[in-house]
Amino acid sequence: MDHAKFKASIAGDEPPEGLSDPMRALWHAGKGDWAAAHDVLQDDETSDAAWVHAHLHRMEGDMPNARYWYSKAGKPFADISLDEEFDTIANILIGRS
Numbered sequence: 000m001d002h003a004k005f006k007a008s009i010a011g012d013e014p015p016e017g018l019s020d021p022m023r024a025l026w027h028a029g030k031g032d033w034a035a036a037h038d039v040l041q042d043d044e045t046s047d048a049a050w051v052h053a054h055l056h057r058m059e060g061d062m063p064n065a066r067y068w069y070s071k072a073g074k075p076f077a078d079i080s081l082d083e084e085f086d087t088i089a090n091i092l093i094g095r096s
């Protein structure tokens, strides 16, 4: 799946088959369903999940919690727009799948 197909899939009712937990969480975040996105990540301790988790807490404005998750992910605190960060994370995670 490429970035354009992933973004287009957000208009659907269900995430595409075969997405990793971080990508499924990002898909739910793209739909505006923060709670579903957060729930997907609860048991995933990977650095990719921590990165998406950081993005989610940044979305909600909880910067201290976001900083914690960026640290767990080994990433600097994002200084780009949420949309740019969403696209950056999606592109990198798609490249790993």
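If you read the sequence shown in numbering that gives the first Met the number 0, its first letter stands for residue 0, the second for the next number, and so on. Even glycine gets a Cβ: it sits at the ideal position worked out from N, Cα and C. What you are looking at is a predicted structure, and each value in this text was computed from that prediction instead of being measured.
Beta-carbon gap between residue i and residue j smaller than 8 Å
i     : j     : result
Trp68 : Ala49 : yes
His0  : Pro15 : Per the sequence shown, residue 0 should be read as Met rather than His. Yes, Cβ-Cβ distance for Met0 and Pro15 is below 8 Å.
Phe85 : His54 : yes
Alpha-carbon to alpha-carbon, residue j and residue i
i     : j     : result
Arg23 : Ile93 : 11 Å
Asn90 : Gly60 : 23 Å
Val33 : Gly73 : At residue 33 the sequence reads Trp, which differs from the Val that was named. Their backbone Cα atoms lie some 22 Å apart in a straight line.
Asp47 : Ile88 : 9 Å
Close-in-space but distant-in-sequence residues of the same chain around residue i (CB under 6 Å, 5 per side omitted)
i     : result
Asp43 : Asp20
Ser8  : Pro15
Contacts around residue i, its chain only, beta-carbon distance under 7 Å, and the 5 residues preceding and following it disregarded
i     : result
Asn64 : His56
Candidates the options, of which the one nearest residue i by Cα
i     : options                       : result
Asp82 : Gly11, His37, Val39 and Lys30 : Lys30
Which residue spans inside the stretch 3 to 69 form an unbroken alpha helix (DSSP H) run of at least 4? 20 to 29, 33 to 40 and 46 to 58
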